[in-house]
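**Q** Quick note on numbering: the sequence shown equals residues -23 to -1, 1 to 379 in mature numbering (1 follows the signal peptide of the UniProt record, and there is no 0).
Glycine included, every Cβ here is placed at the ideal spot set by N, Cα and C.
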Amino acid sequence: MAKLFNSGCMLLLCCFFFEATYAQQLYELPAGAETQWISLENASGTKGKGGMENKGAKGHAAEWIKAGERKVMMDYNGAGVINRIWMTVIERSPASLRSIYIEMYWDGAAKPAVSVPLGDFFGIGLGRRTAFQSALFSDPEGKSFNCFIPMPFKKHAKIVFVNESKQNQLLFFDVNLTKVKKHPQEIAYFHACWTSSTDGKPGDDFEILPQVKGRGRFLGTNLSVIPDKIYGDTWFGEGEIKMYLDGDKQYPTLVGTGTEDYIGSAWNLGPFAHLYQGAPIVDKQKGQYAFYRYHIPDPIYFRTDCKVTIQQMGGGGRDKIRAIVKAGGKVKPVSVMTQNGLIKLLEEPAYPDLMDDRFPADEWVNFYRVDNYSATAYFYLDKPENNLPPLAPLTQRLKGIL
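1. Examine chain C for any beta-carbon lying closer than 7 Å to the beta-carbon of GLY247, and answer yes or no.
2. Considering just the uninterrupted stretch of the alpha helix (DSSP H) at residue 383, what are its terminal residues?
3. Where GLN373 and ILE258 are concerned, what is the direct C-alpha to C-alpha distance, given to the nearest angstrom?
4. Taking just the CA atoms, how far does ASP210 sit from GLY292?
5. Would you tell me roughly how many angstroms separate the C-alpha atoms of ASP275 and TYR253, rounded to the nearest one?
6. How long is the line joining the alpha carbons of PRO361 and GLY306, rounded to whole angstroms?
7. At 4 residues or longer, what runs of the alpha helix (DSSP H) sit wholly inside the segment 63 to 137?
8. Measuring alpha carbon to alpha carbon, tell me which of TYR221, PRO204, GLY241 and MET220 ends up nearest SER263.
9. Return the first residue and the last residue of the alpha helix (DSSP H) that VAL302 is part of.
10. Could you round the C-beta distance between TYR271 and LEU113 to whole angstroms and report it? I think they count as a contact, below 8 Å.
11. Using a Cβ-Cβ cutoff of less than 8 Å, which residues in the same chain neighbour GLU40 once the five nearest sequence positions on both sides are dropped?
12. Please name the residue, chosen from TRP341, ASN245 and PHE268, that lies closest to SER312 on a Cα-to-Cα basis.
13. Taking the alpha-carbon of THR234 as reference, which of GLU184, LYS206, ILE287 and GLY224 has the nearest alpha-carbon?
14. Is the closest heavy atom of the ligand GTP to the C-beta of ASN349 under 6 Å?
15. Starting from ARG270, trace the beta strand (DSSP E) in both directions and tell me its first and last residue.
16. Under the rule that 16 or more other beta-carbon atoms within 10 Å means buried, what is ASN349, buried or exposed?
17. Enumerate in chain order the residues of its own chain whose CB-to-CB distance from THR(-3) is below 6 Å, with the five nearest sequence positions on each side excluded.
18. Evaluate ILE378 with the Cβ neighbour count: other Cβ atoms within 10 Å of its Cβ, from every protein chain shown; 16 or more gives buried, anything less gives exposed.
19. Near residue 441, which residues of its chain fall below 6 Å by C-beta distance, leaving aside the five closest residues on each side in sequence?
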């Protein structure tokens, strides 16, 4: 296998998305590897112990999880790699899919490496579902959850389903893994976190991934925006992605050119779902957008720390923005695109104020604004725990989606 890292790098195992586990060819039979499935029909995955209830005839395919209850889906001792997770629940409203969340613990850690609302974790934000497929997630008909991210562990793995919704949930699931005696290389652990922001001031960047410390790889994000109605039909997506790596302070090492640019589109945004980038939800009537970008062909590594943000910035015509200001909307003009080039308002304080008649009409004005942002960030880290804050309380998770 061609090395994707410098020799000795601990993160070699993170990069096998295009190949089978441990980069074997499909026809290879790796020594010592065993296939196991964890489900309600075989909770331990033990050899020869599946489907024992009801004399082998569909005895325990699903289970009701009461409102407020925690259900341990997987509590597994040994080394292995989770290759696929599938599940579904009977009630899939946005409120339910933000109220339920999933936790994952590796190698006996007390703190979860993953703590994310159920719907958001599986590739689409806002607690919404639609049929789509990406390299990491799929939902064939808008009613199920599939994840194909490899999740290695050395001695123990635990997955917990937490029902904070007001309803009992009928849960079906299976977790497909490869059991190994020992990993051939040092591993990096899979992590995911959920963040949101519904207030602030113009110029505040939204943190997709707060600064995480350690050595690892940023795998990507699914990001959601609910534009504030006060901004009317002006465009929200001028914000540039910023990635602060390995000690970056005021300015990042990696920076994009705009929101729809980051997910591989251009000039406004329509619905699409591709392997590494997509926008499954573009609902202009409701004012809801959910999109994703996965850095599989363009890996992003970090040695000591990583933080990922996106600017809350939109664009529109002068007169529309004037109306927003008069209505009490939060606005800070940033630049004006004219036929003669970009006028950088933050660097030209002598330029006329937005309300001044000398400010050009019918030109595109980029401006800071404040909308409802949320994101799930996926990454690998060289340790089973991370330094990030816990999942936000339910009241915060439900803001704007009800």
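**A** According to the data block:
1. In the structure shown, chain C cannot be found, because there is only a single protein chain.
2. Residue numbering for the chain in the displayed model covers -23 to 379; residue 383 lies beyond these limits and cannot be assessed.
3. 21 Å
4. 10 Å
5. 10 Å
6. 43 Å
7. Fully enclosed alpha helix (DSSP H) runs of 4 or longer: 71 to 76 and 95 to 98.
8. Looking at the sequence shown, residue 263 is not Ser but Lys. Of TYR221, PRO204, GLY241 and MET220, the residue nearest in Cα terms is PRO204.
9. Per DSSP, VAL302 is one residue of the alpha helix (DSSP H) stretching across 295 to 303.
10. 6 Å
11. LEU17, LYS48, LEU147 and LEU148
12. Ranking the options by Cα distance to SER312, first place goes to TRP341.
13. Distances from the alpha-carbon of THR234 to those of GLU184, LYS206, ILE287 and GLY224 put ILE287 closest.
14. No copy of the ligand GTP appears in this structure; indeed no ligand is present at all.
15. 265 to 271 is the span of the beta strand (DSSP E), which, as asked, contains ARG270.
16. In the assembly as shown, ASN349 is a buried residue. Its beta-carbon has 16 or more other beta-carbons within 10 Å.
17. Per-residue confidence for THR(-3) stands at a pLDDT of 41, beneath the threshold of 50, marking its modelled position as unreliable; no derived number is given.
18. buried
19. Here the chain comprises residues numbered -23 to 379, so residue 441 is not present and cannot be evaluated.
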